[in-house]
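Note that the numbering used here has the sequence shown beginning at 463, numbered continuously upward.
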Amino acid sequence: MKELFKKFLLLWCMLMIFSVSAKNPPDKKFETDKAAMAERVKAAFLKGWLAYKTYAWGMDAVKPLSGKGQNWYDESLLMTPVDAFSTMCIMGLGKEKEEAKKLIFGKLDFNKDFEVQQFEITIRMLGGLLSSYQLDGDKRFLELAIDLGNRLLPVFNSPTGMPYKMINLKTGKVSGKISNPAEIGTMLLEYGMLSRLTGNTVYYEKSKKAVVELYKLRGKTGLPGTQINVETGEWTDRQTHISGMIDSYYEYLLKGWLLFGDRDLKQMWEASRDGINKYLADDVKTGFWYGGADMDSGIRTSTEFGALDCFFGAVLCLDGDFVRAAKLEKSIQKMWDLYGLEPESIDYITMQVTSPSYIVRPEAIETTYYLWHFTKDPKYYEAGKHMFESIEKYCQADNGYVEIKDVRTMEKLDALQSFFFAETMKYCYLFFAPDDAFNLDKVVLNTEAHPFFREKK
Ligand code: DMJ
463 MKELFKKFLL LWCMLMIFSV SAKNPPDKKF ETDKAAMAER VKAAFLKGWL AYKTYAWGMD
523 AVKPLSGKGQ NWYDESLLMT PVDAFSTMCI MGLGKEKEEA KKLIFGKLDF NKDFEVQQFE
583 ITIRMLGGLL SSYQLDGDKR FLELAIDLGN RLLPVFNSPT GMPYKMINLK TGKVSGKISN
643 PAEIGTMLLE YGMLSRLTGN TVYYEKSKKA VVELYKLRGK TGLPGTQINV ETGEWTDRQT
703 HISGMIDSYY EYLLKGWLLF GDRDLKQMWE ASRDGINKYL ADDVKTGFWY GGADMDSGIR
763 TSTEFGALDC FFGAVLCLDG DFVRAAKLEK SIQKMWDLYG LEPESIDYIT MQVTSPSYIV
823 RPEAIETTYY LWHFTKDPKY YEAGKHMFES IEKYCQADNG YVEIKDVRTM EKLDALQSFF
883 FAETMKYCYL FFAPDDAFNL DKVVLNTEAH PFFREKK
């Protein structure tokens with residue numbers, strides 16, 4: 463009897479050991495895979511950065527194929543290093559951070575006698591500097607941000623308070639009265655952070671007034687049009703959608719509420735969300751998409767879905783709507799896999815490409831990452847890996863990374879947007895980053911993926 467009991471005990475122990483070790487390997491395998499992937503993404507970032515260092519040091523962007531650099535305007539504003547810095551912080555790239563800081567603090571000067579597009583400068587430069595200050599702690603980032611913020615302020619001097627598109631950084635002269643909701647509404651996070659960090663409320667007040675004025679002019683659907691005259695408040699294009707020219711207006715209503723707890727923004731987001739669900743969401747045979755409509759009648763005007771539109775899945779996640787986010791993600795993957803990289807836009811009824819480039823945009827990866835973060839469903843982890851592998855395969859040149867002219871032929875373009883460093887590589891990395899490197903729940907990412915801390919620091 464004793465012998466039998468001993469045998470039973472032995473068998474039970476073996477079974478336990480087997481079941482524990484059967485459970486452990488996949489976890490261990492997952493952790494090993496994750497760590498290896500994190501190193502691969504870092505290596506990709508570093509390869510791109512090396513190209514910038516070698517061919518374009520001190521300029522705005524690199525052209526890896528010709529081994530040259532290029533500036534957006536008459537002189538450089540150091541777009542790439544400023545945009546790349548927050549990703550370097552998250553990746554823990556100490557040496558690269560130091561060389562970028564040396565360049566930025568030695569060379570960056572906003573006293574420039576030329577016009578810039580306030581939207582791009584706000585999301586990439588102002589957002590980048592503020593986030594760098596929060597992540598790195600060097601006060602010189604904040605000083606540069608304050609100087610830039612003050613130079614940009616005259617954009618709000620229109621009769622409606624909605625910002626002009628362009629501003630001369632030296633003289634403050636503004637131009638470009640025809641603007642759009644994205645360029646009017648995507649200032650709130652950066653200006654709000656500037657107010658929070660300096661104690662000067664003027665930045666938040668002006669950027670909020672602009673959004674409120676825009677919101678008041680919404681159509682009968684509750685949604686804005688595509689283009690508006692900021693002097694008269696008249697719409698010059700009355701089509702509504704979630705795509706470029708409107709996209710980040712919605713993103714900032716929700717994120718503004720999350721970052722600053724401003725209930726007006728919450729209410730504006732919720733009203734907009736209702737309109738989007740009712741008039742733009744489109745459940746069709748090919749999947750779940752968002753189309754275009756007339757801002758008053760809500761009648762469908764377009765069935766185009768673009769790479770930019772993919773951001774909306776991340777917004778849905780932040781809003782807790784994981785059902786729509788998951789459905790949209792499925793469509794996004796379908797679009798990505800049409801040719802192996804997502805085209806700039808497709809007609810989602812015919813699934814034909816309407817614009818064939820892939821300019822290393824991050825939005826599809828962004829939405830997949832948010833779904834992975836919030837649901838921990840392994841299929842999103844695998845999708846993240848898959849998208850990174852596609853970039854490795856098609857966007858990699860011998861000496862850096864490039865954009866793709868046409869995803870149907872994978873012909874390369876001699877260009878690399880700074881958001882490759884700020885966003886695309888950051889979102890790829892976040893799938894695999896060690897837990898102590900980054901916590902999405904503690905920050906709100908601006909539309910260029912620069913993290914702002916939710917708690918006052
Ligand atoms: C980025 O500059 C920002 O994400 C912006 O909101 C939209 N376009 C690019 C990336 O595609």
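In this text, a Cβ means the ideal position worked out from N, Cα and C, and glycines have one as well.
- Leu-907 is bridged by DSSP to Pro-913.
- For the pair Ile-552 and Ser-759, the Cα-to-Cα distance works out to about 46 Å.
- Looking at the DSSP output, Glu-766 shares a beta bridge with Asp-809.
- Restricting attention to alpha helix (DSSP H) runs no shorter than 4 residues, the segment 611 to 687 encloses them at 643 to 647, 650 to 660, 664 to 678, ordered along the chain.
- Per DSSP, the unbroken beta strand (DSSP E) holding Trp-751 starts and ends at 749 to 752.
- Residue pairing by DSSP places Lys-874 opposite Ile-866 in a beta bridge.
- Boundaries of the beta strand (DSSP E) harbouring Ser-817: 814 to 817, taken from the DSSP string.
- At least one heavy atom of the ligand DMJ lies less than 7 Å from the C-beta of Asp-709.
- Asn-739 carries a helical assignment under DSSP once its states are collapsed to helix, strand and coil.
- DSSP, reduced to helix, strand and coil, places Tyr-820 within a strand of the structure shown.
- Placement of the Cβ of Thr-909 at a distance of less than 7 Å from at least one heavy atom of the ligand DMJ is found.
- Assignment of beta-bridge partners to Val-578 by DSSP yields Ile-629.
- Sequence-distant Cβ neighbours of Glu-537 in its own chain, meaning closer than 8 Å and more than five residues away, are Lys-574, Phe-576.
- If one requires a minimum length of 3 residues, the beta strand (DSSP E) runs lying completely within the segment 524 to 611 are 530 to 532, 577 to 579, in chain order.
- CA-to-CA, the gap between Leu-800 and Ile-821 works out to about 16 Å.
- Annotation note: the segment 769 to 799 contains the following uninterrupted alpha helix (DSSP H) runs of length 4 or greater, listed N- to C-terminal: 774 to 780, 784 to 799.
- The alpha carbon of Gln-580 has as its nearest neighbour, out of Arg-613, Glu-806, Leu-676, the alpha carbon of Arg-613.
- Restricting attention to Tyr-863, Thr-886, Phe-883, Arg-870, the CA atom closest to the CA of Ala-877 is found in Tyr-863.
- Non-local beta-carbon contacts of Ala-859 in its own chain, meaning distances under 7 Å to residues more than five positions away in sequence, involve Pro-526, Leu-527, Lys-874 in chain order.
- Distances from the alpha-carbon of Gly-510 to those of Asp-897, Thr-909, Ser-880, Ala-911 put Ser-880 closest.
- Note on geometry: alpha-carbon atoms of Ser-669 and Val-746 lie some 38 Å from one another.
- Measuring C-alpha to C-alpha distances from Val-664 to each of Gly-611, Thr-688, Ile-704, Leu-676 identifies Gly-611 as the nearest.
- Per the C-alpha coordinates, the member of Gly-846, Phe-883, Asp-897 positioned closest to Ala-562 is Phe-883.
- Relative to the Cα of Arg-870, the nearest Cα in the group Gln-814, Tyr-712, Asn-642 belongs to Gln-814.
- Distances taken from the Cβ of Phe-722 to the heavy atoms of the ligand DMJ include none shorter than 7 Å.
- When the beta-carbon positions are compared, Lys-918 and Arg-502 stay at least 8 Å from each other.
- Secondary structure note for Thr-698: its beta strand (DSSP E) is the uninterrupted segment 697 to 699.
- Under DSSP, the beta-bridge partners assigned to Thr-702 are Ala-755.
- Taking the C-beta atoms as reference points, Leu-656 is found no nearer than 8 Å to Ile-585.
- In this structure, DSSP gives Ile-853 a helical state, which the three-state scheme calls helix.
- Under the DSSP definition of a beta bridge, Val-746 partners with Gly-749.
- When DSSP states are grouped into helix, strand and coil, Gln-879 belongs to the coil group.
- Relative to the ligand DMJ, Glu-825 has its C-beta within less than 7 Å of a heavy atom.
- Per DSSP, the unbroken beta strand (DSSP E) holding Ile-690 starts and ends at 689 to 691.
- Set against 7 Å, the gap from the CB of Ile-585 to the closest heavy atom of the ligand DMJ is smaller.
- With a 10 Å radius around the Cβ and a threshold of 16 neighbouring Cβ atoms, Pro-625 comes out buried.
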